[in-house]
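*Asks:* Here's a structure for you.
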Amino acid sequence: MALADRFGRPLRSLRVSVTDRCNLRCQYCMPEPDYVWLPRESLLSFEETSAIVDAFTPLGVDRVRITGGEPLLRRDLHVLIESLAAKPAIADLALTTNGVLLASNASALRAAGLHRITVSLDTLDGSRFRTLTRTDDLPRVLDGIAAAASAGFASLKLDTVVIRGINDDELVRLLEYAKTVAAELRFIEYMDVGGATRWTPAAVVSRREMLERLQSHYGAVLPLKEESSAPADRFLLPDGTTFGIISSTTEPFCASCDRSRLTADGVWLLCLYAATGTDLRRPLRAGATRDDLQRLIQAVWSVRADRGAEERLGMDRETTLVPVRSLKKDAHLEMHTRGG
Ligand code: SAM
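Given below as structure tokens:
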């Protein structure tokens, strides 16, 4: 029988972070002037990551997403992709990137066996991009998207975090751009997960508001009825274009969450909002076998009862969820360590 947690949720989707470093400094993720990094010696080697994934797959994990920090900063990433792509149990192998280094990597990633790619793109305006990320890399990101669009991936998605007063007037422009590269766009509500120290409730543009704005431009926007544990609800525009909205902040979807996260140093987190996780690196380095790790994972998942985003809905929203002093003490609380 498939492994299920206390709410009957299966263990299926694993997000694997390969680094906590990033080459952008997005205001909603890494707004601080400096950060505490994971010690280098604690980072899992590709062999260790692959061994840990092998302990997950017999328990039901068949979808793996490589993330970070910025995963393309990890040298020779294609080697890890090759080893994961060779595992028959993994039906879906995807990567989330900011796109800055994608142009020169897209075809190698595809050749290594990566199925799908998602690029984060919050604006098409160069000066906004600079304000938002503190770099001038928008042209590189757009080149990366173009390279991914022609590299033959099974799907290309673009993820946009929508923030009031920053990019909420670009919904239509981003959708129109996505059409030109045959990508499906997903709008993400701004979340106050660790790292988002500038988050305020007023900066959140809700799914409802996004839909109202899109309807007033395009006309009827129809919901697509799908049986899926994917975080995005998908919608259809009158011209047949589809797009998604990930409404983690105003309409969380904890009940169907089959995702968990492995940080680059081997800490397994059951929820994006979790305060602590299970260290899988220590037992692995102490000689634990695949069966030992599997037993540990099974024991932890079977009592999982996290509903982080739903619980957050019921809390006082005027204060930041994780204060900077806590983030400085434990890098595992940061979004860029958890992989988003
Ligand atoms: N560097 C890669 C990238 O930019 O896609 C992967 C890591 S990034 C942490 C993963 C995703 O988390 C990105 O799509 C990013 O926009 C999203 N993210 C980070 N902070 C967020 C926040 N406060 N609210 C919503 N999404 C956030």
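Residue 7 is where the sequence shown starts when you use the working numbering, and the numbers rise one by one after that.
Glycine included, every Cβ here is placed at the ideal spot set by N, Cα and C.
Small disclaimer: the values here were computed from a predicted structure and weren't measured.
(1) Below 8 Å, how does it come out for the region 146-160 and the region 196-209: are there three or more Cβ pairs, yes or no?
(2) Roughly how many angstroms lie between the CA atoms of G75 and E233, to the nearest whole one?
(3) Pull up the distance between the alpha-carbon of P145 and that of V167, whole angstroms please.
(4) With burial defined as no fewer than 16 other Cβ atoms inside 10 Å of the residue's Cβ, what is the status of L230: buried or exposed?
(5) Does the beta carbon of I194 fall short of 6 Å from some heavy atom of the ligand SAM?
(6) Can you round the beta-carbon distance between G105 and I151 to whole angstroms, since I take them to be within the 8 Å contact cut?
(7) Check whether the Cβ of A112 lies closer than 6 Å to any heavy atom of the ligand SAM, and answer yes or no.
(8) Considering only C-alpha positions, which residue in the set L180, R288 and V227 is nearest to L3?
(9) Is the beta carbon of H342 within less than 6 Å of some heavy atom of the ligand SAM?
(10) Between A100 and L30, what straight-line distance do the alpha-carbon atoms span, to the nearest angstrom?
(11) Is there contact between the region 304-311 and the region 9-20, where contact requires at least three CB pairs shorter than 8 Å?
(12) Return yes when at least one heavy atom of the ligand SAM lies under 6 Å from the C-beta of T102, else no.
(13) Do V85 and F52 have their beta-carbon atoms positioned less than 7 Å apart in this structure?
(14) Classify F259 as helix, strand or coil using the three-state DSSP reduction.
(15) Please list, in chain order, all residues of the same chain as L130 whose beta carbon is under 7 Å from its beta carbon, the five residues on each side excluded.
(16) Let me know if K163 comes out buried or exposed under the rule of 16 or more other beta-carbons within 10 Å of its beta-carbon.
(17) Judging by CA-CA distance, which residue of A155, A208, A270 and D245 is the nearest neighbour of A226?
(18) Would P258 be called buried (16 or more neighbouring beta carbons within 10 Å of its own) or exposed?
(19) Please state the DSSP three-state secondary structure of G150.
(20) For P77, count neighbouring C-beta atoms within 10 Å of its own C-beta (all shown protein chains included) and say buried if the count is 16 or more, exposed if not.
(21) Runs of 4 residues minimum, wholly inside the region 123-176: which ones carry the alpha helix (DSSP H) assignment?
(22) Is it the case that the CB of C260 approaches a heavy atom of the ligand SAM more closely than 6 Å?
(23) Looking at T206 and the ligand SAM, is the gap between the Cβ and the nearest heavy atom below 6 Å?
(24) Taking just the CA atoms, how far does S222 sit from I87?
(25) Going by CA-CA distance only, name the one from Y34, L17 and I58 that's closest to T269.
(26) Please report how far the alpha carbon of T247 lies from the alpha carbon of V211, in whole angstroms.
(27) Measuring alpha carbon to alpha carbon, tell me which of D271, Q300, S254 and L276 ends up nearest D312.
*Replies:* Well, looking at it:
(1) no
(2) 30 Å
(3) 19 Å
(4) exposed
(5) yes
(6) 6 Å
(7) no
(8) Here the chain has residues from 7 to 346 only, and residue 3 is not among them.
(9) yes
(10) 21 Å
(11) yes
(12) yes
(13) yes
(14) coil
(15) E176, R179, L180 and Y183
(16) buried
(17) D245
(18) buried
(19) helix
(20) buried
(21) 132-139 and 144-155
(22) no
(23) no
(24) 42 Å
(25) I58
(26) 22 Å
(27) L276
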